[in-house]
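Comments concern the structure below.
Number of protein chains: 2
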Amino acid sequence: MKKKRVSLNDIAESLGVSIALVSLVLNGKDAEQGISAETKQKVLAKAQELSYKPNHFARGLRLGKSFTIGLIVSDIANGFYSRIARNIEDLAEVHGYNLITCSTDEDIERELRLIKLLRAKQIDGLIISSSQENPDEFNRLKAEGFPVVLIDRCFDGLEASCVVVQNREGAKQAAAHLVEQGYKNPLVLAIEPAHVFTIRERCEGFVSEMKKHSISPKVEFLPFDDAFNEVERLIDKLIQNNQLPDCIFAINNNIATACLQVLRKYNIDTPNKVGLVCFDDIPYFSFMNPAVTAISQPVDDISASAFEMLLKMLKDEKTELEGGVKHLPVELIIRESTIKKINI
Amino acid sequence: MKKKRVSLNDIAESLGVSIALVSLVLNGKDAEQGISAETKQKVLAKAQELSYKPNHFARGLRLGKSFTIGLIVSDIANGFYSRIARNIEDLAEVHGYNLITCSTDEDIERELRLIKLLRAKQIDGLIISSSQENPDEFNRLKAEGFPVVLIDRCFDGLEASCVVVQNREGAKQAAAHLVEQGYKNPLVLAIEPAHVFTIRERCEGFVSEMKKHSISPKVEFLPFDDAFNEVERLIDKLIQNNQLPDCIFAINNNIATACLQVLRKYNIDTPNKVGLVCFDDIPYFSFMNPAVTAISQPVDDISASAFEMLLKMLKDEKTELEGGVKHLPVELIIRESTIKKINI
DNA sequence: TTGAAAGCGCTAACAC
DNA sequence: GTGTTAGCGCTTTCAA
Numbered sequence: 160m161k162k163k164r165v166s167l168n169d170i171a172e173s174l175g176v177s178i179a180l181v182s183l184v185l186n187g188k189d190a191e192q193g194i195s196a197e198t199k200q201k202v203l204a205k206a207q208e209l210s211y212k213p214n215h216f217a218r219g220l221r222l223g224k225s226f227t228i229g230l231i232v233s234d235i236a237n238g239f240y241s242r243i244a245r246n247i248e249d250l251a252e253v254h255g256y257n258l259i260t261c262s263t264d265e266d267i268e269r270e271l272r273l274i275k276l277l278r279a280k281q282i283d284g285l286i287i288s289s290s291q292e293n294p295d296e297f298n299r300l301k302a303e304g305f306p307v308v309l310i311d312r313c314f315d316g317l318e319a320s321c322v323v324v325q326n327r328e329g330a331k332q333a334a335a336h337l338v339e340q341g342y343k344n345p346l347v348l349a350i351e352p353a354h355v356f357t358i359r360e361r362c363e364g365f366v367s368e369m370k371k372h373s374i375s376p377k378v379e380f381l382p383f384d385d386a387f388n389e390v391e392r393l394i395d396k397l398i399q400n401n402q403l404p405d406c407i408f409a410i411n412n413n414i415a416t417a418c419l420q421v422l423r424k425y426n427i428d429t430p431n432k433v434g435l436v437c438f439d440d441i442p443y444f445s446f447m448n449p450a451v452t453a454i455s456q457p458v459d460d461i462s463a464s465a466f467e468m469l470l471k472m473l474k475d476e477k478t479e480l481e482g483g484v485k486h487l488p489v490e491l492i493i494r495e496s497t498i499k500k501i502n503i
Numbered sequence: 160m161k162k163k164r165v166s167l168n169d170i171a172e173s174l175g176v177s178i179a180l181v182s183l184v185l186n187g188k189d190a191e192q193g194i195s196a197e198t199k200q201k202v203l204a205k206a207q208e209l210s211y212k213p214n215h216f217a218r219g220l221r222l223g224k225s226f227t228i229g230l231i232v233s234d235i236a237n238g239f240y241s242r243i244a245r246n247i248e249d250l251a252e253v254h255g256y257n258l259i260t261c262s263t264d265e266d267i268e269r270e271l272r273l274i275k276l277l278r279a280k281q282i283d284g285l286i287i288s289s290s291q292e293n294p295d296e297f298n299r300l301k302a303e304g305f306p307v308v309l310i311d312r313c314f315d316g317l318e319a320s321c322v323v324v325q326n327r328e329g330a331k332q333a334a335a336h337l338v339e340q341g342y343k344n345p346l347v348l349a350i351e352p353a354h355v356f357t358i359r360e361r362c363e364g365f366v367s368e369m370k371k372h373s374i375s376p377k378v379e380f381l382p383f384d385d386a387f388n389e390v391e392r393l394i395d396k397l398i399q400n401n402q403l404p405d406c407i408f409a410i411n412n413n414i415a416t417a418c419l420q421v422l423r424k425y426n427i428d429t430p431n432k433v434g435l436v437c438f439d440d441i442p443y444f445s446f447m448n449p450a451v452t453a454i455s456q457p458v459d460d461i462s463a464s465a466f467e468m469l470l471k472m473l474k475d476e477k478t479e480l481e482g483g484v485k486h487l488p489v490e491l492i493i494r495e496s497t498i499k500k501i502n503i
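Chains A and P, in that order, give the protein sequences. Using our numbering, you'd call the opening residue of the first sequence number 160 and step up by one each time. Using our numbering, you'd call the opening residue of the second sequence number 160 and step up by one each time.
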C-alpha cells in the first residue's frame, strides 16, 4: 500500500502554478526572482500540507552533488575511529552534509571497492584512514579534482591532503619513559599489515629511541583480527621459551586491551613483572586495573582539521585542490601500568 | 581541473551503439535480451577502459532505490551502538547495501529532522533506536509502506517491527543479585529523557524486584550529556547529606563508567562501600578496577534480527509490512564490583 | 539483435 | 511575476 511520494509537480498542479515557481519558492530564491509574497505563502502552505520532501536523486542528478561525504576507516567499532566518526558527523551536519561510514578491516581490496562504491553513490568528498600500500589511488582522486582528505595514516609521495599525529615523537616519549622506569627488555606488539604508516612510524620511533639506550626491542606483527587470541598465543610461546619481555609497547588500543586481558589471565603482574604502554588513549584506560599509560591523540583536532580541509575543497571547486600534510602533537599520559611499585 | 564523469552515453558513442544496449549489457541482462557475445565483450571492454562508474542518482531516480539504509542512534561513539553499527554495516554490505549513520543525542526534534532528511536522501529503509515519546512517527512510516525496524527501544501501540532485549528481567536479576550480596540501600542512576523505553523498563524491573525485598530504591535522572560531571555533582551532594547508597544500578555503560570514575576520585571503596552493577556490558568492564558486574546484551543477535527483518521488507515490497516485537534474552555477568571482599 | 524514446523529479536559463 | 523548456544519466518497453 505504498503511497506515491509527492513531487513538485503535485504541488504545482494542485495550486495551478508552474513547477518552476514552486521550485524557486522552496529553494528560497523567491526574492531575487521577485515572486509575490502571496504566491509564496500559498506554495509554502501546500508543501507543508502535502508534507513534501524533495527527491534527493533528482536534485543530485541535476546539481551533481549529494551533500553526503564518505568516511572509511579500518573498524568503526574501535573507540578511536568511532569518536572521530561522531565528531565529523556533527561538523558535517552543521554544514548540511551527512556521513556514510564504512569499515575495511585493513583489507586493501575491500577499501578500493568501497571507494569505488561510494563514488558511484556520488559522495561529494571522502575522509579516509587508508590501509593501502601506496598513495596512487589518492593521487589519482586528487588529479581528478575529487575532494579527499587522509587521516591518521599518510604515504610518501602523497599529493592529497592529510592529517596525522606525531607518531614517531609519541613512540619515542613512550620508549624514553620505559627506560627511565628501569625497563630493559621491551617487546613491540604491532599489527599487520606492517606497511601501514602509523604502525611503521610508531615502531621506528620506539626502536630508534631504545637504540639510543643500547636496547634492541623485539617487534612482533599480529594479524588484525582476533587480537586477544593472537596475543595469548604469543605470550604463551614467550613464556614457554622463557623469553617474556619486561615491558610491552602496544601499537593501538585494541592490542593494549588484549594484552591486559592476557596478562591478567596468566597472572603476570603489571607493571612490576611486565609494564605496558599503549599508543592511543581511550577513556577507559584511566580506570582499568592497572590504569594504562598511553599516548593520547588529539581526536577532536584530527576531526576538525580534516573536516575543515575537506570543506574548503567542497566549497571552492574552481581552484586546484591543495594537498599538504598536517602534523598534530600527541601527549604521553603516565598511569599505573608503567610505574613499578616499591614493595612488590 | 575536473574531468567529466563517463556516462553510458560516452561508451555508446565511442562504440557506435545505442545507450540502451550498453545499459543492458552492463546490467547483465544481455542473455534474456539475446545480445551477441561479441558486442557484449566490446561493451564490457570499453566500460573497463573508460573506468565507467554508474551514476547512482540517475539510477536511483529511475529505480526509486538507493541501496542505502539509515541507522539512527543516540550516540554512535557509545560502544553499544558502535558495535551494532559495525554488525549491521557488515550484514548490509553482503546484500549490496550501505549504511548512513546518525546520532541524535536523545534530541527528539533532531531525530525527526534526521528521519526526514534521510528519507529525502531516499534511503530504502531505516533501523532506529528512537528517543521519541510515542510511536506515531513510526506507525506513520509503516502505514506509508516504508521499511523501518526499531531496535533497543519500543513503544506501546507500536505497529512497526521492533527488536528489544528483556530489560525488565535483566534489571530484576541485577536487583536480586545485589540483595543476595547483602546490599540494602540501592540508588538507580538513570538518564533523561525518562520516558525512554529502556530507561523505564530497567528502572521498573529493578524497583519492582527490590520492593519484593521491602526495599525502595531512590531513582535519579541525569541529563544525557556530560555524564561524569553530572554523576560527580550528585555523589558530592549525597556525601554532603550523608545519603550515600551502598550500591548503584547504572542504567547504561556510560553512566557506569562515569560512576567508576567518580567513586575512584572520591576514594569510595567499590564494592565494599558502594557496589556497582551496570545494564549493558562492554568488553572493557571485565578488566577494569574493579571489574564491573553487568547485564550483557546480545549485540550480535540484535543486529542480525533487525537487519533480517528489514531485509525482508526491502525484498518483498508487494506484501503488507508485518510488524511485531522480538524480545531477546540478556545475561547477568557477575564480576568484582558487587562481590564484597571478606577482609576489608 | 539492436535502437528509439519516454520519463523518473528537479533546476536554471530564458521567454512572456 | 510567472511559465516554458531543456536536460542531468539511467532503465525499460516497444518497435524494427
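Where is the CB? At the ideal position from N, CA and C, for every residue including glycine.
I need the straight-line Cα distance from residue i to residue j, nearest angstrom please.
i	j	result
Lys188(A)	Ile194(A)	9 Å
Glu368(A)	Asp439(A)	19 Å
Lys477(P)	Arg278(P)	Below a pLDDT of 50, predicted positions are generally treated as unreliable, and Lys477(P), at 49, falls in that range; no measurement from the model is reported.
Ala409(P)	Glu268(A)	43 Å
Leu470(A)	Ile310(P)	33 Å
Ile287(A)	Val308(A)	6 Å
Asp384(P)	Lys396(A)	45 Å
Asp475(P)	Phe380(P)	43 Å
Ala217(P)	Arg245(A)	30 Å
Leu220(A)	Leu220(P)	8 Å
Ala319(A)	Gly482(A)	4 Å
Gly238(A)	Gly223(A)	34 Å
Arg242(A)	Thr260(P)	13 Å
Leu452(P)	Asp283(P)	Looking at the sequence shown, residue 452(P) is not Leu but Thr. Spanning the two alpha carbons is a distance of roughly 39 Å.
Ile461(P)	Arg164(P)	40 Å
Asn168(A)	Ile178(A)	6 Å
Gln325(P)	His486(P)	6 Å
Met472(P)	Tyr240(P)	23 Å
Going by DSSP, name the residue or residues bridged to residue i.
i	result
Val421(A)	Answer is none; Val421(A) lacks a bridge partner.
Ala349(A)	Phe380(A)
Ile310(P)	Val322(P)
Asn257(A)	Thr227(A)
Cys406(A)	Pro345(A), Gly434(A)
Met447(P)	Met447(A)
Could you tell me which chain A residues have their CB closer than 7 Å to the CB of residue i, listed as they occur along the chain?
i	result
Thr446(P)	What sits at residue 446(P) in the sequence shown is Phe, not Thr. Going along chain A in sequence order, the residues near Phe446(P) (Cβ under 7 Å) are Leu419, Gln420, Arg423, Met447, Asn448.
Arg278(P)	Lys212
Please list the partners that residue i has in chain P, where partner means a Cβ-to-Cβ separation under 9 Å.
i	result
Ile259(A)	Thr227, Asn257, Leu258, Ile259, Thr260
At 9 Å on the CB atoms, spell out the chain A contacts of residue i, in chain order.
i	result
His354(P)	Chain A residues near His354(P): none, gap ~24 Å exceeds 9 Å.
Leu220(P)	Asn214, Phe216, Ala217, Gly219, Leu220
Let me confirm a value: residue i is counted as buried when at least 16 other C-beta atoms fall within 10 Å, else exposed. Which label applies?
i	result
Asn413(P)	buried
Val421(P)	buried
Gln128(P)	Because residue 128(P) is not part of the residues shown, which for chain P are 160 to 503, the question remains open.
Asn411(A)	buried
Val253(P)	exposed
Lys331(A)	buried
Glu208(P)	exposed
Ala204(A)	exposed
Ile231(A)	buried
His336(P)	buried
Gln302(A)	For clarity, residue 302(A) is Ala in the given sequence; the question names Gln instead. With fewer than 16 Cβ atoms within 10 Å of its Cβ, Ala302(A) is classed as exposed.
Val400(A)	A quick correction: the sequence has Asn, not Val, at residue 400(A). By the 10 Å Cβ count, Asn400(A) comes out exposed.
What in chain A is Cβ-close to residue i, meaning under 8 Å?
i	result
Gln281(P)	Asn214, His215, Phe216
Could you tell me which chain P residues have their CB closer than 8 Å to the CB of residue i, listed as they occur along the chain?
i	result
Arg245(A)	Asp234, Ile235, Ala236, Ser262
Glu248(A)	Ile235, Thr260, Cys261, Ser262
**Request:** Compile a chain-ordered list of the residues in the region 311 to 342 of chain A whose CB is closer than 7 Å to at least one CB of chain P.
**Result:** none
**Item:** Members of the region 408 to 438 of chain P that neighbour chain A once the beta carbon cut-off is set at 8 Å
**Value:** Thr416, Leu419, Gln420, Arg423
**Message:** Output needed in chain order: residues of the region 359 to 376 of chain P with a Cβ under 9 Å from some Cβ in chain A.
**Reply:** none
**Asked** Using a Cβ cut-off of 8 Å, which residues of the region 230 to 241 of chain A contact any Cβ in chain P, in chain order?
**Response** Asp234, Ile235, Ala236, Gly238, Ser241
**Asked** Of the residues that make up the region 265 to 276 of chain A, which ones have a beta carbon closer than 8 Å to any beta carbon in chain P?
**Response** Lys275, Leu276
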